[in-house]
Structure formats: structure tokens, C-alpha cells
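Here the protein sequences come in this chain order: D and G.
For the first sequence, the positions run 1 to 225 when the working numbering is used.
For the second sequence, the positions run 226 to 450 when the working numbering is used.
Written below as C-alpha cells is the structure these notes are about.
Number of protein chains: 2
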Amino acid sequence: MKRLLIVDDEDKIREVIKEYAEFSGYVAEEAADGMSAIGMVKLNDYDLIIMDVMMPKLDGFSAVKEIQKIKNIPVIMLSARGEEYDKLFGFELGIDDYVVKPFSPKELMARVNAVLSRVDASDKSSQTIERFDGLEVNFAARTISVDGKRIELTPKEYDLLFYMIQNKNIALSRDRLLSDIWGYDFFGDDRTIDTHVKNLRNSLGPYRKFIVTLRGVGYKFEYEG
Amino acid sequence: MKRLLIVDDEDKIREVIKEYAEFSGYVAEEAADGMSAIGMVKLNDYDLIIMDVMMPKLDGFSAVKEIQKIKNIPVIMLSARGEEYDKLFGFELGIDDYVVKPFSPKELMARVNAVLSRVDASDKSSQTIERFDGLEVNFAARTISVDGKRIELTPKEYDLLFYMIQNKNIALSRDRLLSDIWGYDFFGDDRTIDTHVKNLRNSLGPYRKFIVTLRGVGYKFEYEG
DNA sequence: TGAGAGCATCATAATTTTTTCAAAAACAAT
DNA sequence: ATTGTTTTTGAAAAAATTATGATGCTCTCA
């Protein structure tokens, strides 16, 4: 569950955003000015801050500046139409996106989702590595390693391996492999697959054994674990 | 190892300061006037600048003003006794301390230590610098340096590099790069990316190796550390 | 308004990958 | 064991992809 901090001096706007944010599955807290936003950031952990530019006491940019000294939190700035800001200036402050008022809550949430997923994606912990004995496959990084050693594959080898793993322990006919990996419009020889399987097996070294030949049918990635 | 830049038009004074600075464990470089100081700041990264007020070509205050536009570096000003300056004016420029000539090198170094430790302490949390071997990337300042040397990138190169780093170790398809960096409404050639990757690689010198080509897919910033 | 920077595009060179094909090997059934 | 069928393999041709260098366009700044 992600927590958002909404900073705007207009109660109504905060309300609208908060409501839609909660509807979208976020937990939302509010601050009415930059000063109290800073205080709240010190006390709590937020995943993202939505911050208005124009506010009494402490404007949005200054608040962001202070906040970034405390914690590194993604920020989306709200600015009124006609207010011109130097995007570069924003970048320096670590601002992730701008949304111009008036905006639709839906659009704002789309931006929130986008920023958060971007952050998540770069978070190492979300890297899904699958392990099959000494064979490690990292889909996101598009890498594999065999007994701890990085192995480079050709594009088709990756495609083939990834596809077979995603369908592990399932018999895969040549037809199916061809149409799913090569595309329905592939115009070539059945036996092309055999060659790629051969190459892939060679690349996998000892773990070639996971790729099983199904005579008369095709192949299968077999692993029970 | 901290690097100092000593800016003074009098050779003798520079010499004395440099000697004592190195004795105190700093790396010290020299500039004889404001102009060349600016040039050196552009090229290299310094942790602190010791700057004389009275200098030919470009006085100390003006030089600091320019330098602060480029990088945020702590400054200690040297001024002759009798020269009256508005301290507030100095504060606005981000000057951290004043030392009045004639000074003892020991006193000056004490001030240097004080300023640097103050900066270190306060800056820890806001440091958005990432290091990849000899490649330093400062997201906030939108600067990079290669083996300690400041490198200028074009806007697109920054965008590309920053995006790739934020998604390091993740395979990035050309589609994704295009839509996330150029924008979903970019209606251009895939191969445009290749050209920018080429430029970026050239800018990164030895660290071009971090940008890996993923044949049939796109690129990836690869760094394990 | 002229110089320079940055960018998109393109043609070509350099490189890698894919496909093809035929011989050898493996297999399954008689 | 023999035979017909299917798979594996190695090598070479063909195709695809990427790197690079050059070009012209646009925008900015002096």
C-alpha cells in the first residue's frame, strides 16, 4: 500500500485528490502548506508527494528543496496554467512530473502510477530472478548465468529460452514455438528450431538437460523444483 | 581526498596556502585570477574554493557568482584588512567564511576543515550522487564527471543517461526509450536512439562499457556494485 | 544575421545472427 | 540386426541489426 502526501493550500483541491487517490488504492495524507509538509515528511514515510507550487508560508519549490535534503521522495508538482517554470530548475530539484491545473483527477493518478512504477522498476528488489539449479535467469536484465558465470545469448536464444521457461513442463510443438516466437508470418523451415535449440543447449552447458526433446512433437523445458 | 582550488593573483600567497594545504592532507590546485578559476571549475570537481577578493580580470565576488551558477561549491574568501564588505552580500552568494589577510596558514586550514565538515554533515542526505567506478553522476545538479573530470553532455545525452541509470540493469527496448524519453507522441525513427547512444558513449570515455547493446531489443545500463 | 550547438535522418560499413542444408547420429519398431 | 524416420550437428550462405559518419534542419545567442 503506497502512501501519498498531498500538499496544497486549497482544501477543496486536497479533498478531491485525496478522494480519488484512495479510490485508486493509495493512502493519502494532507498538508496545507510547505512548512507542515516538511514536518510530516520528517515524521512519516511517503512514497510520493503531490505538491502545489503556489502556497502561503513556503512555496512548493522551496518546500521540495528542503524535503529532498531529508529524504529522497518522488514529487509531482501542480502548477496553474500560465505559470511558467523552468523545467530544468525542476529537474535539479528532483521533480518527477508536472501537472497543470485544472487537471482531471484521473490524469493526475495516471501520472502518479507512472512515476511510482518507474521508481519500482528501478528498485533492485523487483528484479525477478528464476533459478534452476545452477542456471539463473533474469528476465528484466535479459541475462542468464550458468554456475555463477554470465553467459551471452543471441536474441533468438533468449526468446527461445524465456518462452520455454515461461511454459516450463509443458510440451511445446514446433508449430507453437514457431508461431509464438517467430510470429505467425514466419515462412521458413521447421528445422530452423532445431538449430536454435542446439545453440541454446550449447550455451546452457550442463543445464542443456532441462531442454528435453519430444520426439515427433517438439521440445519442453523440464524442471521440477 | 579533498580537492581545493586556491585562487589568488599573488604567486607567493598561493604557494604558501598550497603547501600548507597539502601538508594538511588536501590536494590543491591553483588559479591566478577569476577567469581561469571558472574554467577550472568547469573542468574539475573541487570540494572547496579559497578565493581572494581583489584580483585582476575578474574580482573574487564576481567569480564566485559565476561559479555558483555552475556548481555548488563551498567558498572561503580572503580579503585584505581594511576592505569592508557586507557580510550579508557574501551570504547571498553562498560564501561560507571570511579570512582576513594577513592570516596564518594554520588558521586558514582550521577554517577549511570547519567548512568542509559542516558541508559533509549537512549534505549527506541530499547527496544524489551515484558513482559507477570513475563515473560520477549528480542527478540534482545534472552534471557528470569521468575520472574526476567534469564532462558536459547535451540535454538528450543527460536524459538518456539518467533514464538508463534510473533503470540500470534493466533491458530497455527502443520503444520504451523512445516513449519515455522522447515522449509518447514522438513520431520519429527508431535509429535516432542509436545516434544518441553513440554520442553518449563517446562522452563517457572509458565508461562507455556500461552501456550495453542488447541486440534485437535495445540497450541497458549495466553495473553491478 | 551568422555561427554554433543539438538533433533527426540517412547511407554505408561493420558485425552478429539466422537460416539453410546435407551428412551423421539417434531412435523406435519390426 | 535392419530399416525408415526423426533429430542433432557443423559449416557456409543469407539476412538482419547495429555502429558510424555525414548531412541538413532548427533554434539560440551574440
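Cβ coordinates follow ideal geometry from the N, Cα and C atoms, glycine included.
9 Å Cβ cutoff, residue i in contact with chain D
i	result
R440/G	yes
I369/G	no
E247/G	no
N338/G	no
F316/G	With a pLDDT of only 46 at F316/G, under 50, the local geometry of the prediction cannot be trusted, and the value read off the model is given with reservation. No, because no Cβ of chain D sits closer than 9 Å to the Cβ of F316/G.
P436/G	Checking the sequence, you will find Ile at residue 436/G rather than Pro. Judged by the 9 Å Cβ criterion, I436/G is not in contact with chain D.
I406/G	no
E447/G	yes
A253/G	no
I395/G	yes
Anticipated Cβ contact below 8 Å, residue i with residue j, distance rounded
i	j	result
Y245/G	M334/G	6 Å
M51/D	A63/D	6 Å
R228/G	D272/G	5 Å
G60/D	G34/D	6 Å
E130/D	I165/D	7 Å
D9/D	P56/D	6 Å
L425/G	I436/G	7 Å
F186/D	L178/D	6 Å
M226/G	V252/G	6 Å
Closer than 9 Å to chain G by CB, residue i
i	result
A141/D	yes
P105/D	no
T128/D	no
K149/D	no
K42/D	no
T195/D	no
P155/D	yes
G60/D	no
L5/D	no
Y85/D	Its pLDDT being 49, under 50, Y85/D is placed unreliably by the model, and the measurement read from it follows with that caveat. Chain G, which has no Cβ nearer than 9 Å to the Cβ of Y85/D, makes this no.
Cα-Cα separation between residue i and residue j, rounded to whole angstroms
i	j	result
M279/G	K290/G	15 Å
S249/G	Y323/G	20 Å
F103/D	D405/G	21 Å
K205/G	R150/D	An answer regarding residue 205/G cannot be provided, because it is not within the stretch 226 to 450 covered by chain G.
F357/G	G216/D	51 Å
L392/G	V7/D	Before going on, a small fix: residue 392/G reads as Asn here, not Leu. Their Cα atoms are separated by approximately 28 Å.
L230/G	A262/G	8 Å
L153/D	F364/G	33 Å
D372/G	R416/G	30 Å
L161/D	T213/D	14 Å
P206/D	S145/D	12 Å
I49/D	R367/G	22 Å
K198/D	K106/D	50 Å
I13/D	P299/G	41 Å
W407/G	K381/G	9 Å
D45/D	E29/D	11 Å
N427/G	S203/D	32 Å
I170/D	G225/D	15 Å
D414/G	T420/G	11 Å
I95/D	V241/G	44 Å
N113/D	L58/D	27 Å
S304/G	D384/G	42 Å
G359/G	E22/D	44 Å
L43/D	L116/D	21 Å
- request: Go through the region 99–184 of chain D residue by residue and report every complete run of the alpha helix (DSSP H) that reaches 4 residues or more, in order.
  value: 105–122, 155–166, 174–177
task: Would you check if the region 394–410 of chain G and the region 290–306 of chain G touch, i.e. whether three or more CB-CB distances between them fall below 8 Å?
output: Judged by Cβ distances under 8 Å, the region 290–306 of chain G makes no contact with the region 394–410 of chain G, as fewer than three pairs qualify.
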